[in-house]
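What follows is a short report on a single structure.
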Amino acid sequence: MFFERPDAGETAVLVHVDFQDEHEREDAGELLELVRSAGAEPAMLLTGSRRRPDPRTFIGAGKLAELKEALQVHAAELVIFNHALSPSQERNLERALECRVLDRTGLILDIFAQRARTHEGKLQVELAQLEYMSTRLVRGWTHLERQAGGIGLRGPGETQLETDRRLLRARIKSIHKRLDKVRIQRSQNRRARARAEIPSVSLVGYTNAGKSTLFNALTAADVYAADQLFATLDPTLRRLEIGDVGPVVLADTVGFIRHLPHKLVEAFQATLQEATEATLLIHVIDAADPDRELNVEQVERVLEEIGALDAPVLKVMNKIDLLGVAPRIERDAQGRPETVWLSARDGRGLELLEQALSERLAEDVLDFGMLLSPQQGRLRASLHELGAVRQEHYEEGGQIKLEIRLPRRDFMQLMARLGEQAEDYLPPELCERPSWDA
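Numbering (my numbering), first residue to last: 138 to 575.
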């Protein structure tokens, strides 16, 4: 029911109000992109400024009259607000304007409904939609406030509104149960990867920053990528080979947006879990966006909300083809890659990103010398099979000196397979994993 959308667009009048409080401000340009991404035709943008929203209609009587006139002039059948409306404000506006009114949250939900492809994605969108609708159910059922009384009609029964609320609650409960199963499955997959010590890298960033284009360029995948907001909704995982590291799991995630409704963050918790438990986050930033600093701030706010703010981050400044600058790596005081400037669309700088990933993920690569006795031929042969031996020479007394380099996880797996204790071979300083914050 929620995923069948007509192909034809709808003509809409847009409303954007500037408030004195900077934190309450939205971006009018972003509203236009959201509307186009939803498939609607923006006929006019009505702007204004207020100290605070009107409790009844959000906008004042004067703007309401302007809005009514604009609907007639442009023969529009839809009004979209670039703000969150309360259910009563939405009902009052629809009654005054005699047309459908949609707020920013409803618009984002509609886009999500169009983009959802997988079973999990559709469940998450439906959950968010149902929870959003549950507060707006009174609209359309005002004629059934109470069942009729009278002889033969009295009884315990419930109103249509109560019936709908009960059905909604049952459906929401059912979806929560099914999403819990999805979370358990994802958790099991992550634990399996952790046991195999396969690093996971998640792409995060503001919507339309170029995450899916970068994902496709790195993995030769065919993930839907377009110059639209929320082009990607469902999480996609691919295997990627990184030099000095080996196999890595790369995840493409849903884009963030300013004032992303809390209910949406909750609904997509299973998807965003990939980011919270990633070995490394790649924060993709549209370098050509004049509001990029605000966008970075918003992404960090959502990461904090889902508990991923403390995860190690590699920044990627994408779309340098629009700036005319050369690809490069910026490093921190310790010489560790911090930011990579590249263009995912034309491929410039991709090799620098792979180099930076290798350096960041290979911080847990072991490079040390081992002294083996002649009786430890099986361990020596296994290290050669892994391609870990860089140099080898024999000492007096038949002992073998090996210089080895390999990922820690490969070494630990080899030790477990041979029934050996890794601490017997590692230098003391390598017995514990290096800290990301070191």
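The beta carbon of each residue, even a glycine, is placed where N, CA and C say it ideally should be.
The structure presented is a predicted model; accordingly, all values stated were derived computationally and were not measured.
- For Asn455, the enclosing beta strand (DSSP E) has its first and last residue at Val450 to Asn455.
- Here Pro565 carries a helix assignment [DSSP, helix/strand/coil].
- The beta carbon of Ile312 sits closer than 7 Å to the beta carbons of Leu260, Glu263 and Leu264 from its chain, once the five residues preceding and following it are set aside; these are given in chain order.
- DSSP, read as helix, strand or coil, puts Asp155 in strand.
- One thing to note: Val386 has its Cβ within 9 Å of the Cβ of Arg375.
- Counting of Cβ neighbours within 10 angstroms places Ser349 among the buried residues, the total reaching 16 or more.
- Residue range His256 to Met270 is occupied by the alpha helix (DSSP H) that includes Tyr269.
- Nearest to Leu182 by C-alpha distance, out of Asn353, Glu170 and Arg189, is Glu170.
- Counting only residues of its own chain and dropping the five nearest sequence neighbours on each side, Asp240 has a CB closer than 7 Å to the CB of Phe218, His220, Ala221, Leu222 and Glu227.
- Within the same chain, Arg375, Leu377 and Leu387 come within 7 Å of Thr356 by CB-CB distance, once the 5 residues on both sides are set aside.
- Contact check for Ala250 and Gln266: beta-carbon distance about 7 Å, within the 8 Å limit, so the pair qualifies.
- Taking the CA atoms as reference points, Ala149 sits about 24 Å from Phe393.
- Just measuring C-alpha positions, the residue of Cys236, Ala177 and Gly185 sitting nearest Lys205 is Cys236.
- If you draw a straight line from the Cα of Gly243 to the Cα of Trp478, it comes to about 35 Å.
- Going by DSSP, Val382 is part of no beta strand (DSSP E) at all; its letter is neither H nor E.
- Of Leu451, Val210, Pro511 and Leu460, the smallest CA-CA separation from Leu489 is found for Leu451.
- Taking the C-beta atoms as reference points, Arg193 is found no nearer than 9 Å to Phe156.
- DSSP places Arg273 outside both helix and strand once states are collapsed to three, so it counts as coil.
- If you draw a 10 Å sphere on the C-beta of Ile541, you find 16 or more other C-beta atoms in it, and that means buried.
- For Arg395, the closest of Gln209, Ala481 and Asn432 by C-alpha to C-alpha distance is Asn432.
- Look at the beta carbons and you see the stretch 530-537 not touching the stretch 493-502: under three pairs across the two are nearer than 8 Å.
- Asp458 and Asp247 have their C-alpha atoms some 32 Å from each other.
- If you compare the alpha carbons of Ile443, Ala553 and Leu151 with that of Arg173, the shortest gap goes to Leu151.
- Every beta strand (DSSP E) stretch that sits fully inside the stretch 492-542 and reaches 3 residues is listed by chain position as 502-509 and 526-531.
- The Cβ atoms of Ser271 and Arg306 sit closer than 9 Å to each other.
- Less than 9 Å separates the beta-carbon of Ala207 from that of Ala180.
- For Ala424, the number of other beta carbons within 10 angstroms of its own is at least 16, and it is reported as buried.
- The beta-carbon distance between Leu351 and Asn455, rounded to whole angstroms, is 6 Å. This is short enough to meet the 8 Å contact definition.
- Scanning the stretch 193-231 from its first residue to its last, the whole alpha helix (DSSP H) runs of 4-plus residues come out as 198-210.
- DSSP lists no beta-bridge partner residue for Ser480.
- DSSP places Glu178 in no alpha helix (DSSP H) but in the uninterrupted beta strand (DSSP E) bounded by Glu178 to Arg187.
- The continuous stretches of beta strand (DSSP E) do not include Val391, and DSSP gives it neither H nor E.
- Exclusion of the five residues before and after Leu418 leaves Ser339, Val341, Ala448 and Val450 as the residues of its chain whose Cβ lies within less than 6 Å of its Cβ.
- DSSP places Arg485 outside both helix and strand once states are collapsed to three, so it counts as coil.
- In the structure shown, Ile321 falls within a helical segment according to DSSP collapsed to helix, strand and coil.
- Rounded to whole angstroms, the Cβ separation of Glu491 and Ile379 is 6 Å, and the two are in contact under 8 Å.
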